[in-house]
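For reference, the structure discussed in these notes is given below.
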Amino acid sequence: MTGTASIRELLTRNMRTSGIYIAFVAIIALFTILTDGKLLSAGNVTNLVLQYSYILILAIGMVMVIIAGHIDLSVGSVVAFTGAVSAVLVIKHDMPWWVGVIAALVVGALIGAWQGFWVAFVGIPAFITTLAGMLLFRGLTWLVLDNISLSPFPDTYQKIAGGFQNGLFGGNGYDVFTLVVFALALVGYFFSAWRTRAARVAYEQPVEAFPLFVVKLVVIGAVVMWFAWQLAHARGLPNVLIILAVLIVVYSMVTSRTVFGRHVYAIGGNLAAAMLSGVKVKWVTFGVMLNMGVLASVAGIVYSSRSNGAQPAAGNMFELDAIAACFIGGAAVTGGVGRVTGAMVGGLVMATMSNGMSLMGVDQSIQQIVKGLVLLLAVAFDVYNKRRAGAR
Amino acid sequence: MPKHILEMRKITKTFPGVKALSDVELSVIDGEIHGICGENGAGKSTLMKVLSGVYPHGTYEGDIVYDGEVQAFGSIPDSESKGIVIIHQELALIPYLSVAENIFLGNERRGSNGLIDWNLTNHEAGKLLEQVGLDENPTTPVNQLGVGKQQLIEIAKALSKDVRLLILDEPTAALNDDDSEHLLGLLRSLKERGITSIMISHKLNEIAEICDRTTIIRDGHTIETIDVTNDAGMQDRIIRGMVGRDLTNRYPKREHVVGEEIFRVEDWTVYHPTQAGRIVVDNASFNVRKGEVVGIAGVMGAGRTELAMSLFGRSYGRDITGRTYLHGEEVQIRDVSEAIKHGLAYATEDRKRYGLNLIEDVRRNISAAALFKLSKRGWVDGNKEIKVAEEYRGSMNIKTPTVMQTVGNLSGGNQQKVVLSKWIYSDAEVMILDEPTRGIDVGAKYEIYTIVNRLVAAGKAVIIISSELPELLGTCDRIYTLAFGVVTGEVPVAEATQEKLMTLMTQEKTNKDKEVRA
């Protein structure tokens, strides 16, 4: 059946995925009003992304772990430990910045392999393995840091997360380079969206009506360029945003277009069926945990660079923020469902709420309460949707 | 006239779309052991669930007269309070609790302070164990005991509830000879104490050995109730009653063109994955040729699924020994992906639990076993995937608005077509179909048989595992019978009758005995 879907159909058919976008827009609108527009000021938009970047990086790995039907509680400790390893090498031993970065990545990969081994090959539930890891790597952090903070990093290392790309094409109060990069990215996105739609039409699959498709792209284009405009007026294109954008694009493709990504969904959707379809369940699980370790070390590098040092208590509770981002972003508690983009929006929902409430001067205690309730409601919404789908 | 403890009158039970029982009559005399025989799916278990209150009063039609009164059981505790206790085929013991805790679960022996009186509990459990002839400490965890002993604990549990009518669903299916003998002896001694039993069994020799009368059920109807005698004619009569339905034109015709051998299995032996020493498949050997449909007939628990899964990349069991040959050459198949590479496919009997990712769409379920055909260097060609899915939607007549539809929303027949599409797309040469038409309506069954015919016409080899004998007779070239893990016979379809197969399927023999005699 070829057909085009109306807006209403689009919204209702994918309540699970579209619900989060609607919620995101609503939350931005709410806090823009509550903060008299301060939320969307140029400086604050830049800040918001930078402050939450490491959670978003963690959420990319976490959403794959959750899709596979597992969980990782250790990432906060891994962020601290990899940052500490890097700091010890760069600050204490005067190594160049890239030695610290490579060491952190290697340590992250080893940690991922260690946890993957226990989860995939020994069969210890990920909850237990990573709970142990949470203690283990926190302890190792204290050990390598001798329980004291290390700082500051040399300028080169600080630039990883604190730096900006700007001024390459000059500017008049705003950075042209930032705008050009965003415009190019947008053109690339439009092209890929158009190709996907064309292919779907060619295979007689339902797509949204053409006017709707155009409206959608125009809205996305407007939002993205507005965002670029804000960045360009502040300090230019943050390095972190480049790292994050590359990771999001790469992992969106890995999850949706590679055999590995498919196998992750298959395992989470029905483990027994995946096994009987020839999926090497153990190796895929191992790969997912390994990948989480590497991404946690990337977050560790970004965090240590941004905080300009390594602290014994770094990364505390990061795991919970990352997990919350995934579930708010539509991942299913039972596995098999979830998207990288969903987790990113879920993370941004949390970021917007924290940031907005901080701007309003809301107390930390209240912020925690609100975040907790939002997580609960998001998952309740998911459960409700599933029951509704099941009843049909 | 003898006094009836139980009369079930005109019991009719309907599930959405299926009439599981229609006007079933069952009357049980006080103090007898009453057998119930019937094929899988005949309605035996449903009838017992009606009796024990699993399906509460009001969800079925007809009357249950027990002890001279019409009963309206709303739940299992209701029926148990009247002394009706059912022991299911799958034991319902909790493995990590002790024998005594299991016996009194839900019925705990409490002291005057409301807390559990462990001395009393263990003391009473000990006495009950003595009654069932089990010499075990009541504090032993149940998982340390074998299946046979666990079965006896179930009976002890029933006795603790002052049972008057004991229902056993295939009590000896999982037991070895000694344990079975002991259990049957126990049923006899319970009879002497005035406890009435109903026993569902596939083993006709057991029915002949201990039952007074037996009722035969087929397709949700009572066929007859007969007095059990020891002459050979009785078993024949039971078998005829169990299978005697007409073979009308429910199977599409095909030409039987059988080529050379594709797949052969020799001396295949599989042990139970957790119960050490229990043989599930015992020295099985069989083969299948190009363009041939081979049937494997066996009742539930005969080891059919276990045989198939252990062959399919060792997905079941442990300590597997034996040899497999493809096109005459011995091959080692160590895991599922190797099995797929060698051209084997296995469509499971429980497609929802083992066959499909229900939350995923039709397209991705079809490609699930053969992503290697759709990918280059790890990247999946999504457009080609849609194209493939569309092709199968057409050729297999999968009724769905789009291939993006979630598989969980399709009907059973269409889900099964998705499973078959998945394996056909994996380029399988040897397809093992485990209960391919279970839970599927008649029209969709015909379509599945047509697909099977198309497969063999294209030179594939198909193995169908089924407990529906007419299905095997209607579709196969050759039929192997499996009983208690042993291949008990090989019958060309021209010589096969339901009676003959049923006799082989209910025959007990072990390869060990054969070796000893030889």
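Protein chains in written order, with our numbering: chain A, 4 to 395; chain B, 162 to 679.
Beta carbons are placed, not taken as given, at the ideal position from N, Cα and C, and that holds for glycine.
Distance check between GLY46/A and each of THR261/A, ALA235/A, MET292/A, GLY339/A places ALA235/A closest, using alpha-carbon atoms only. Among the CB atoms of chain B, one or more fall inside 8 angstroms of the CB of VAL262/A. Under the three-state reduction of DSSP, GLU590/B is assigned to coil, being neither helix nor strand.
In the DSSP assignment, ALA302/A falls outside any beta strand (DSSP E) and within the unbroken alpha helix (DSSP H) covering 284 to 309.
Collapsing the DSSP output to three states places GLN168/A in a strand. Scanning its chain for C-beta atoms nearer than 8 angstroms, with the 5 sequence neighbours on each side dropped, one finds around ALA112/A the residues LEU293, GLY296, VAL297, SER300, in chain order.
For the pair ILE245/B and LEU281/B, the CB atoms are not nearer than the 8 angstroms cut-off.
For ASN298/B, the closest C-alpha among the options GLY309/B, ALA286/B, ASN304/B is that of ALA286/B.
Per DSSP, the beta-bridge partners of LEU643/B are VAL648/B. Under the 8 angstroms criterion on CB atoms, TYR192/A is classed as non-interfacial with respect to chain B.
Given a length threshold of 3 residues, each whole run of the beta strand (DSSP E) inside the region 413 to 484 of chain B is given here in chain order: 422 to 432, 440 to 450, 454 to 458. For GLY543/B, the closest Cβ of chain A is nearer than 8 angstroms. Sequence-distant partners of GLY303/A (beyond 5 residues in either direction) whose C-beta falls short of 6 angstroms from its own C-beta, in its chain, are VAL82, THR85, GLY86, ALA107. GLN493/B carries a coil assignment under DSSP once its states are collapsed to helix, strand and coil. In summary, the residues of the region 493 to 513 of chain B whose CB is separated from some CB of chain A by less than 7 angstroms are VAL497, SER498, ILE501, TYR507, THR509, in the order they occur in the chain. Between ASN614/B and VAL591/B, the alpha-carbon positions lie close to 14 angstroms from each other. Straight across, the Cα-Cα distance linking ARG271/B with GLY646/B is about 45 angstroms. Annotation: the continuous beta strand (DSSP E) that includes ARG374/B extends over 374 to 379. Counting along the chain, the unbroken beta strand (DSSP E) around LEU505/B starts and ends at 505 to 508. In the DSSP assignment, GLY119/A falls within the alpha helix (DSSP H) that extends over 100 to 119.
When the five nearest sequence neighbours on each side are left out, the beta carbons in the same chain lying within less than 7 angstroms of the beta carbon of THR344/A are those of SER255, in order along the chain. If you look at GLU230/B, you'll find it in the beta strand (DSSP E) that goes 230 to 232. Contact annotation: the region 226 to 240 of chain B does not touch the region 359 to 373 of chain B, with fewer than three C-beta pairs closer than 8 angstroms. Considering only beta carbons, the part of the region 196 to 214 of chain A lying closer than 9 angstroms to chain B consists of THR199, ALA202, ARG203, ALA205, TYR206, GLU207, GLN208, PRO209, in chain order. Between the alpha carbons of ALA123/A and ARG450/B lies a distance of about 39 angstroms. The C-beta of PRO256/B has fewer than 16 other C-beta atoms within 10 Å across all chains shown, which makes the residue exposed.
Residue burial annotation: ALA381/A is buried, with at least 16 other C-beta atoms found within 10 angstroms of its C-beta.
Here the region 148 to 167 of chain A makes contact with the region 95 to 107 of chain A; the two share three or more CB pairs at distances below 8 angstroms. Scanning chain B for C-beta atoms nearer than 9 angstroms to the C-beta of ASN273/A yields LYS513, ARG514, TYR515, GLY516, LEU517, ASN518, LEU519, ILE520, GLU521, reported in chain order. As for any alpha helix (DSSP H) of minimum length 4 sitting wholly inside the region 12 to 93 of chain A, the runs are 18 to 37, 45 to 70, 78 to 90, ordered along the chain. Contact of MET67/A with chain B is not assigned, every C-beta pair being separated by 8 angstroms or more.
The region 238 to 256 of chain A makes contact with the region 60 to 68 of chain A: 3 or more CB pairs, one atom from each, lie closer than 8 angstroms. Distance from the CA atom of ALA622/B to the CA atom of VAL257/A, rounded to whole angstroms, is 37 angstroms. For LEU279/A, the chain B residues whose C-beta falls within less than 9 angstroms of its own C-beta are MET470, PHE473, GLY474, SER476, VAL497, TYR507, THR509, TYR515, GLY516, ALA530, listed in chain order. Contact between ASP330/B and SER206/B holds: their C-beta atoms lie close to 6 angstroms from each other, under 8 angstroms.
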